[in-house]
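Protein chains in written order, with UniProt numbering: chain D, 1 to 115; chain R, 1 to 115.
Each residue gets a CB set at the ideal place from its N, CA and C atoms; glycine is no exception.
Working notes, structure below.
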DNA sequence: CTCATTCGCAACCAGGAGGTTGCCAATGAC
DNA sequence: GTCATTGGCAACCTCCTGGTTGCGAATGAG
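Laid out in structure tokens, this is it:
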């Protein structure tokens with residue numbers, strides 16, 4: 001079954017890395033920031049004030065959707081995208097853990113030195 | 001001067017995207033997790049139990065260093081890498097902001113509906 | 001019905017990311 | 001002094017990414 005702790009950890013790493021990878025692009029990060037403002041937006045709306053083509057925006061939205069960061073919904077001839085905050089939360093928690101590990105390590109080092 | 005809010009926001013987006021991009025790879029994320037355990041490690045140490053070559057690990061470490069996530073220090077013939085938690089903290093705060101925006105948007109929507 | 005919007009699909013392209021191998025220099029161990 | 005470790009540098013390869021253009025299909029507006 002290979003459900004060892006290290007295997008599970010590796011899975012978590014990969015899944016989390018996918019989220020970070022989706023966020024690791026200025027255009028996509030701006031899209032997420034825009035969508036987190038609240039209202040769902042159509043592709044054309046999102047591409048309107050951008051220097052890029054609608055097609056480029058579409059591709060970025062597909063990347064975000066594949067990572068679970070946004071959701072798609074068709075309304076008439078429009079395709080509306082909305083924020084999906086769960087993976088964002090997961091990513092934030094991952095950084096929480098790493099930061100806490102680091103702090104604890106510094107703490108141990110400090111007590112070791114002061115002893 | 002072009003120091004408008006939107007320009008500053010775009011800069012922040014790009015800088016933060018660079019950090020996320022550096023974290024957006026399973027190998028690099030594992031390296032960060034490993035280094036956040038506390039002790040600085042040499043390249044050979046980090047590559048020891050990996051399926052990848054030492055060269056590959058070296059490249060990943062260079063990416064992490066360019067993003068400011070780790071720091072390098074030469075000690076004799078070894079090159080020690082250590083965690084640098086500041087950018088991690090920045091990235092986490094960015095996710096905090098996005099999450100809070102989303103929550104507020106949901107709150108506004110709720111009051112709008114209930115009114 | 002007609003027509004402008006909105007979008008998806010496919011082909012294509014340049015460049016960068018991830019990885020390998022080979023080789024050489026520096027450095028510590030004995 | 002000799003030798004094994006350690007790692008930097010460069011060349012090379014493959015594949016994915018980010019972007020474009022062109023075109024055709026739905027779909028709402030008039």
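Pair within 8 Å by beta-carbon distance, residue i and residue j
i              : j             : result
residue 109(D) : residue 20(R) : no
residue 40(D)  : residue 37(R) : no
residue 78(R)  : residue 42(R) : yes
residue 16(R)  : residue 90(R) : yes
residue 100(D) : residue 99(R) : no
residue 13(R)  : residue 33(D) : yes
residue 31(R)  : residue 95(D) : no
For residue i, three-class secondary structure by DSSP
i             : result
residue 79(D) : strand
residue 42(R) : strand
residue 1(D)  : Low confidence applies to residue 1(D): its pLDDT is 45, below 50, so where it sits in the model is not reliable, and the reading given next is rough at best. Residue 1(D): coil per DSSP, three-state reduction.
8 Å CB neighbourhood of residue i in its chain, flanking five on each side removed
i             : result
residue 66(R) : 22
residue 74(D) : 80
residue 86(R) : 68
residue 44(D) : 54 and 78
Same chain, Cβ closer than 6 Å to residue i, five either side skipped, listed in chain order
i              : result
residue 61(R)  : 81
residue 71(R)  : 82 and 84
residue 47(R)  : 54 and 57
residue 107(R) : none
residue 114(R) : none
residue 52(R)  : none
residue 26(R)  : none
Cβ neighbours of residue i in the same chain (closer than 7 Å, five flanking residues each side left out)
i             : result
residue 35(D) : 41, 70, 81, 82 and 83
residue 28(D) : 22, 60, 63 and 64
residue 97(D) : none
residue 76(R) : none
Delimiting residues of the alpha helix (DSSP H) encompassing residue i
i              : result
residue 49(R)  : Looking at the DSSP string, residue 49(R) is not in any alpha helix (DSSP H), and its letter there is neither H nor E.
residue 53(D)  : That residue, residue 53(D), is in no alpha helix (DSSP H); it is neither H nor E in DSSP.
residue 30(D)  : 26-35
residue 104(R) : 85-114
- request: Report yes or no: do three or more beta-carbon pairs, one from the region 67-78 of chain D and one from the region 50-59 of chain R, lie closer than 8 Å?
  value: In short, these stretches do not touch, since the Cβ pair count stays below three.
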